[in-house]
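Student: Chains as they are written, first to last, in this note's numbering: chain D, 34 to 437; chain L, 101 to 353.
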Ligand SMILES: Nc1ncnc2c1ncn2[C@@H]1O[C@H](COP(=O)(O)OP(=O)(O)OP(=O)(O)O)[C@@H](O)[C@H]1O
Ligand SMILES: [Mg+2]
């Protein structure tokens, strides 16, 4: 049932309504005035009650005039930057890469509050056209700099037929209570092969929202990896649509949460055409009093026969107060499909730990080895050594408590 | 008299409210090899785990001295660094941890404790290759995750490989012979014998006299119901083989 009685607005909602009105997004302002931010009663926010978790919204970002140190360096990568929502000048693009920009967000309009907010506040998008085998890894370095700010950014990436590209997006900035809302739209041409990685490395007081939209053409292959390692509150929503037959995607992700953090990866996969396959593997590691959430929904349309989908969530609890949550959903409208899901949650295996320690390895090093082992499946398929090592270093830093 | 490598004094151990070790006494001087034989369930593996410092065991009395130092309060890694090595009866499979990565980490952890720098990659590769060749371990096996998918015999050989690389002063071998075929038994025994030295002692737990033909012990201890009930020369193993353990089970009706 639609809620029609106006709700009493929270501080965050009040600020959002003001900001939306100032941006001329009256319809969205009205929606929030009437319904508020989503609570746990909204299915896709079931474990991430925005109304409760979002305490305040900082003022809209002004242009950045200084930059903090890069959060993650990928040696040899072609660097692009978006700072406080503004696409920055870049160096000479490598072969097969055309960089441009366009007004407004890159996202398709969806009935989701974070998409609406991005649509209202992202004033421009980085446009990338990628063609052929693009050799260097492309890094989109998204920053939120200066005083605490509400910032929206957007990137639109077209990958041409038969191309092969690897893109990593990193999110970081000054150590303030920012609220960021990032959008990525990626259209993958026929038989193209794409690896797309997003890594949140924002400061410990930040709120990070991201929406990734993928459209897969015929025979396309995608590997998507979402890593949350930074913000106090992080939510990435991945929407994927298989629009061409013979396409395949590996959807993967990792929530690393420490005391006081809440991270959520929500996945919506739509197998819209026949003969497409997907594998979903999400891992979550939680320590201290923290919450990690994975929600995965796979929809197989009526005509999408021969769909093959396997979804898995694996959790590792490093403390008794941590919470690891998982909500898999399969909605299957075709009859000739193979789909399944599973989830496991456990602690570090005591026998393995003892075995490693009995050889002289300290408890901390042994634990690190075991956790790295647990995560290997996510990192191992990344082909570029430098990129794989950069990601491994993020994990190691988190494990040794040095990320913040 | 010089300090024995290992001295166990009146050791009492409980597991989940049940007393498993009921006053173990054992003295293992430097350079000697002692065998422990005893029935299934008599507490031999328990003793080996307690020596190595496994958590779930509650020591209710007694002490364990390694080179004269009580190790009961030490973590498993500290005991390893102090020179203790347990070849497990059931080596643990550790998916996701590459065997080579593990070997290097173990060697480096022990070097670090001795104040030495990390081993260089060429030195490490050479050491593994040499030790592996002695034990007929092919390098393909070492590319796999630690113990994962190793056959029973391969696991046992991998344990001895670790022992050869870590050069402990006290080697505790828990049924290293079980699961080995005749050739592998020869190879492993040769590997173990190569490590015998005046500074190193070994405690060899086994059910079979056959192993003791290859690794000839100085002393054989008979273990029954959580304690050492008799000790003697290597002939004791032969007697046991002939007569079994019935004579020692006084409290069994
Ligand atoms: N973690 C444990 N929890 C409960 N009981 C245990 C545990 N570990 C050992 N025991 C019990 O302690 C006794 C001794 O076991 P242990 O493994 O030490 O025997 P063993 O002499 O090594 O036998 P085997 O020759 O079969 O290897 C057994 O009765 C066993 O069931
Ligand atoms: Mg045993």
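We put the CB at the ideal spot given by N, CA and C, even for glycine. The structure displayed is predicted, hence computed values, not measured ones.
Within the continuous beta strand (DSSP E) that includes residue 274 of chain L, where are the two ends?
Tutor: 270-274 is the extent of the beta strand (DSSP E) around residue 274 of chain L.
Student: What are the start and end residues of the beta strand (DSSP E) that includes residue 171 of chain D?
Tutor: Here the beta strand (DSSP E) through residue 171 of chain D covers 171-177.
Student: Please give me, in chain order, every unbroken run of the beta strand (DSSP E) with length at least 3 that falls completely inside the segment 308-385 of chain D.
Tutor: If we require 3 residues or more, the beta strand (DSSP E) runs fully inside the segment 308-385 of chain D come out as 310-319, 324-333, 341-350, 356-365 and 371-379.
Student: In three-state terms, what does DSSP make of residue 415 of chain D?
Tutor: Correct three-state label for residue 415 of chain D: coil.
Student: If we ignore side chains and look at the alpha-carbon of each, how far apart do residue 140 of chain L and residue 355 of chain D end up?
Tutor: Each residue's Cα considered, the two are about 41 angstroms apart.
Student: Leaving out five residues before and five after residue 240 of chain D in sequence, what residues of the same chain have Cβ atoms less than 8 angstroms from its Cβ?
Tutor: Answer for residue 240 of chain D: 87, 210, 211, 212, 213, 264, 265, 266 and 267, listed in chain order.
Student: Flag residue 146 of chain L as yes when its Cβ comes closer than 7 angstroms to any non-hydrogen atom of ligand 1, and as no otherwise.
Tutor: Answer for residue 146 of chain L: yes, Cβ within range of ligand 1.
Student: Give the secondary structure of residue 401 of chain D by DSSP, where H, G and I count as helix, E and B as strand, and everything else as coil.
Tutor: Reduced to three states, the DSSP call for residue 401 of chain D is helix.
Student: Using the three-state DSSP reduction, which class does residue 222 of chain L fall into: helix, strand or coil?
Tutor: Helix, per DSSP.
Student: Counting beta carbon pairs with one atom in the segment 349-366 of chain D and one in the segment 313-332 of chain D, are three or more of them shorter than 8 angstroms?
Tutor: Verdict: yes, contact present.
Student: Determine the direct distance from the alpha carbon of residue 197 of chain L to that of residue 57 of chain D, and round the result to whole angstroms.
Tutor: Rounded to the nearest angstrom, the two C-alpha atoms are 55 angstroms apart.
Student: Report the three-state DSSP secondary structure of residue 151 of chain D (helix, strand or coil).
Tutor: Note: residue 151 of chain D maps to helix in three-state DSSP.
Student: For the segment 281-309 of chain L, enumerate the residues whose C-beta is nearer than 8 angstroms to any C-beta of chain D, in chain order.
Tutor: Hits within the stretch: zero.
Student: Could you tell me the alpha carbon to alpha carbon distance between residue 109 of chain L and residue 152 of chain L, rounded to whole angstroms?
Tutor: Their backbone Cα atoms lie some 16 angstroms apart in a straight line.
Student: Could you name the residues of chain L that residue 13 of chain D contacts, counting a contact when the two beta carbons are closer than 8 angstroms?
Tutor: As displayed, chain D neither begins before 34 nor continues past 437, which places residue 13 of chain D out of reach and without an answer.
Student: What are the partner residues of residue 202 of chain D, as DSSP defines its beta bridges?
Tutor: In the DSSP output, where bridge partners are listed per residue, residue 202 of chain D has D/173 and D/231.
Student: What is the residue span of the alpha helix (DSSP H) that residue 83 of chain D lies within?
Tutor: It spans 83-86 - the alpha helix (DSSP H) in which residue 83 of chain D sits, taken as one unbroken run.
Student: Measuring alpha carbon to alpha carbon, tell me which of D/262, D/387 and D/432 ends up nearest residue 156 of chain L.
Tutor: Measuring from the Cα of residue 156 of chain L, the nearest candidate turns out to be D/387.
Student: Using only the alpha-carbon positions, how far apart do residue 280 of chain D and residue 131 of chain D sit?
Tutor: Approximately 25 angstroms, taken between the alpha carbons.
Student: Please state whether the Cβ-Cβ distance between residue 172 of chain D and residue 242 of chain D is less than 8 angstroms.
Tutor: No. Outside cutoff.
Student: Using only the alpha-carbon positions, how far apart do residue 84 of chain D and residue 313 of chain D sit?
Tutor: Roughly 29 angstroms between the two C-alpha positions.
Student: Go to residue 47 of chain D, then tell me how far its alpha helix (DSSP H) extends in each direction, as first and last residue.
Tutor: Note, residue 47 of chain D: alpha helix (DSSP H), 44-55.
Student: Which residues, in order along the segment 158-181 of chain L, keep a beta-carbon less than 9 angstroms from a beta-carbon of chain D?
Tutor: Cβ contacts with chain D: 175, 176, 177, 178, 179, 180 and 181.
Student: I need the straight-line Cα distance from residue 298 of chain D to residue 147 of chain D, nearest angstrom please.
Tutor: Whole-angstrom Cα-Cα distance: 14 angstroms.
Student: Could you compute how far the alpha carbon of residue 202 of chain L sits from the alpha carbon of residue 224 of chain L?
Tutor: C-alpha separation (whole angstroms): 12 angstroms.
Student: Contact check, residue 209 of chain L vs residue 194 of chain D under 8 angstroms by CB: the rounded distance?
Tutor: Incorrect: roughly 52 angstroms between the Cβ atoms, too far for contact.
Student: Return the Cβ separation of residue 107 of chain L and residue 165 of chain L in integer angstroms, given the expectation that the two are a contact with Cβ distance under 8 angstroms.
Tutor: The Cβ separation is near 4 angstroms, so the contact holds.
Student: Report buried or exposed for residue 352 of chain L, applying the criterion of at least 16 other Cβ atoms within 10 angstroms of its Cβ.
Tutor: The predicted position of residue 352 of chain L is uncertain, since its pLDDT is 46 and thus under 50; no value can be drawn from it.
Student: Can you give me the C-alpha to C-alpha distance between residue 400 of chain D and residue 120 of chain D, rounded to a whole angstrom?
Tutor: Cα-Cα distance, rounded: 41 angstroms.
Student: Taking only the alpha-carbon atoms, compute the straight-line gap between residue 186 of chain D and residue 206 of chain L and give it to the nearest angstrom.
Tutor: Using only the alpha carbons, I get a separation of about 47 angstroms.
Student: For residue 372 of chain D, which of D/378, D/364 and D/379 has the nearest alpha-carbon?
Tutor: Of the candidates D/378, D/364 and D/379, the one whose C-alpha sits nearest the C-alpha of residue 372 of chain D is D/364.
Student: What did DSSP end up calling residue 167 of chain L once you bin it into helix, strand or coil?
Tutor: Residue state, collapsed to three classes: coil.
Student: May I ask you to check if the CB of residue 277 of chain L is nearer than 7 angstroms to at least one heavy atom of ligand 2?
Tutor: Not under cutoff, so the answer is no.
Student: Got a sec: is the Cβ-Cβ distance from residue 154 of chain L to anything in chain D below 8 angstroms?
Tutor: Judged by the 8 angstroms Cβ criterion, residue 154 of chain L is in contact with chain D.
Student: Just verifying my parser: in three-state terms, what is the DSSP assignment at residue 235 of chain L?
Tutor: Residue state, collapsed to three classes: coil.
Student: If you measure between the beta carbons of residue 408 of chain D and residue 234 of chain D, is that distance less than 8 angstroms?
Tutor: Going by C-beta atoms, residue 408 of chain D is not nearer than 8 angstroms to residue 234 of chain D.
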